[in-house]
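Engineer: Numbering (this note's numbering), first residue to last: 405 to 548.
Cβ atoms here follow ideal geometry from the backbone N, Cα and C, with glycine treated the same way.
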Amino acid sequence: MTRFMKNAALCAVIAGILLPTSALAFRAQNTLKVNPEGQGQFEVIQRGGVSPGDIWCAAGDYAMRVLGVQGTQRVYLVEGKHIARTEERRRFGYSFSLTPPPEAQNFTSSPLTLSLRAIGDSLSAVTAQQYCYDRLGEPKRLWP
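#1: Quick one: what's got a C-beta closer than 8 Å to Y498's C-beta in the same chain, skipping five residues either side?
#2: Assign D538 to one of two classes, buried (16 or more other C-beta atoms within 10 Å of its C-beta) or exposed (fewer than that).
#3: Using a Cβ-Cβ cut-off of 8 Å (strictly less than) and excluding sequence neighbours within five positions of Q477, which residues of its own chain qualify?
#4: Can you tell which of D525, E491, T517 has the C-alpha that lies nearest to the C-alpha of E507?
#5: Looking at the strands, I want to know which residues DSSP matches up with E447.
#6: Nearest to E491 by CA position, among C536, P456, K544, N439, is which residue?
#7: Name the DSSP beta bridge partners of R478, please?
#8: Among residues of its own chain, excluding the 5 on either side of D577, which ones have a beta-carbon nearer than 7 Å to its beta-carbon?
#9: Out of G442, E542, F500, which has the shortest C-alpha to C-alpha gap to A522?
#10: Reducing DSSP to helix, strand and coil, say where Y466 ends up.
#11: Mind checking V470: buried by the 16 CB within 10 Å criterion, or exposed?
#12: Using C-beta distances below 7 Å, list every residue in its chain close to S426, excluding the 5 sequence neighbours before and after it, in chain order.
#13: Going by DSSP, which residues form a beta bridge with Y537?
#14: Which residues does DSSP pair with E483 in a beta bridge?
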């Protein structure tokens, strides 16, 4: 192997170690960014003009396509709107988990309204992912 190839490989390894966690971001079907937070949590990054359905879409899509969970697995809101911890730029995020937070102990049914305020609210992963589609079954893309 030439010296150039060895140096290029070393630079690639170093860059991979030093890149921020947002470099590991997943783009949901609706183009929202989802970053792993560790400890089984992940953060959906909000962009202007998105609805709660768009946020839930990204959470469900991440759970199904990245984490590989079954459609019946619950996805829990563990932290409402906050300054994103996984982004360098000042953005807002919502944190989700596959395990219920302590606040969810008293919840016995799914929420009646789609909200991002009640910590512990949950949807099945496939139900959350269904918000990625419009009423005709076409994928919703928020941005190109």
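Structural biologist: In short:
#1: E447, V448, Q450, I459, A463, L481, E483, G484, K485, H486, L520
#2: exposed
#3: A467, L502, S528, A529
#4: D525
#5: In the DSSP secondary-structure assignment, E447 is bridged to N439, S499.
#6: N439
#7: S528
#8: Since the displayed the chain opens at 405 and closes at 548, residue 577 lies outside it and no answer follows.
#9: F500
#10: The answer is helix: DSSP assigns Y466 an H, G or I state.
#11: exposed
#12: A caution first: S426 carries a pLDDT of 46, below 50, which makes its placement in the model too unreliable to give a value.
#13: P543
#14: Among the bridge pairs identified by DSSP, E483 is matched with S499.
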